[in-house]
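Participant:
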Amino acid sequence: MDCDLVTKCLDLIHALEGAGATVHFTWIPSHVDIPLNEKADRLAQCALQDDTVDPGTEYTMLC
Numbered sequence: 001m002d003c004d005l006v007t008k009c010l011d012l013i014h015a016l017e018g019a020g021a022t023v024h025f026t027w028i029p030s031h032v033d034i035p036l037n038e039k040a041d042r043l044a045q046c047a048l049q050d051d052t053v054d055p056g057t058e059y060t061m062l063c
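If you count by full-length UniProt numbering, then the sequence shown holds residues 1 to 63, one letter each, in order.
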C-alpha cells in the first residue's frame, strides 16, 4: 500500500482549502466494478492504520 499517496492527497486537500477551494467527497459503493475502487479501499485502510492521521481534524471536508 502507498501511505505516501494518502499523505500527498491530504497535503493537496489542505493546500486547496487554503487557497479558498471547497473539497467534496462522494460515497462510491464497493464491489460494483468501478475502476480503481479497490485501490481506493486499500488506501483508506492504510489511512485508518496510520497513527499520524488525525481523523477528527477535517470532518467538515466530509459534509
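Where a beta carbon is used, it is the ideal one built from N, C-alpha and C, also for glycine. This one's a predicted model, so the numbers in the text were calculated from it and none came from an experiment.
On the DSSP letters alone, give me the boundaries of the alpha helix (DSSP H) that Asp4 sits inside.
Facilitator: Unbroken alpha helix (DSSP H) run through Asp4: 3-18.
Participant: Do Leu5 and Leu43 have their C-beta atoms closer together than 8 angstroms?
Facilitator: Yes.
Participant: According to DSSP, simplified to helix, strand and coil, what is Asp50?
Facilitator: If DSSP states are grouped into helix, strand and coil, Asp50 belongs with coil.
Participant: Work out the CA separation of Asp41 and Ala21 for me, nearest whole Å.
Facilitator: The alpha-carbon atoms of Ala21 and Asp41 are separated by roughly 25 angstroms.
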